[in-house]
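For the sequence shown, the residue numbers in numbering that gives the first Met the number 0 are 0 to 118. Structure first, commentary second.
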Amino acid sequence: MADTPNTGPLRTCCGCGKRDRQAVLVRLALGPGGTLVADPPRRQRGRGAYVHRSAPCWEGFVRGRPYVRSLRRNISRNERRAVVETLRPVREHDVHGNEDVSGPMARAGITGDAWNASS
């Protein structure tokens, strides 16, 4: 038996390509109508893609190839940009310690120290 603690599931960031713990990544999934949506609480059905909570990874995700292997589907650059823009305001507010944050990450309970610790 290994002496290292269980770190939980590992996922690959679609922005930088590095593997990390699922808990520190934001899940993206296909929502109703097949549109890409942020799924921080990881409750959407079906396949998901993951991205770090950082601007460089978001930009890498937007610039990346259209085919997202984990979703088994092509995602247009405009659709990628739209989902990243839903995450960006939360990140900008949260970095400054504002507790009154709205958006998908805040509704999922990912605010304050939990957000900053994973950056």
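Built from N, CA and C at the ideal position, the CB exists for glycine as well. This structure is a prediction, so every number in the text was calculated from the model and none was measured.
Since residue i and residue j are thought to touch, with beta carbons under 8 Å apart, how far apart are those beta carbons, to the nearest angstrom?
i	j	result
LEU13	VAL50	The question names Leu, but residue 13 is Cys in the sequence shown. 5 Å between Cβ atoms; contact.
LEU29	ASP19	No, LEU29 and ASP19 are not in contact; Cβ-Cβ is about 22 Å, not under 8 Å.
ARG79	LEU35	7 Å
GLY7	ALA22	6 Å
Alpha helix (DSSP H) containing residue i: first to last residue?
i	result
ARG62	54-62
Given a cut-off of 8 Å, decide if residue j and residue i are closer than it, judged by their beta-carbon atoms.
i	j	result
ARG26	ARG46	no
SER69	ALA37	no
ASN73	TYR66	yes
Can you name the start and end residues of the beta strand (DSSP E) that residue i belongs to?
i	result
GLY38	First, the amino acid is wrong: residue 38 is Asp here, not Gly. Neither: ASP38 is in no beta strand (DSSP E) and is coded neither H nor E.
THR11	9-11
According to DSSP, which residues form a beta bridge with residue i?
i	result
ALA48	LEU27
ARG71	For ARG71, which the question treats as bridged, DSSP gives no partner whatsoever.
ARG152	This structure leaves residue 152 out entirely; the chain is present only between 0 and 118.
Where does residue i land, buried or exposed, given buried means 16+ other C-beta within 10 angstroms?
i	result
PRO39	buried
ARG64	exposed
ARG87	exposed
ARG52	buried
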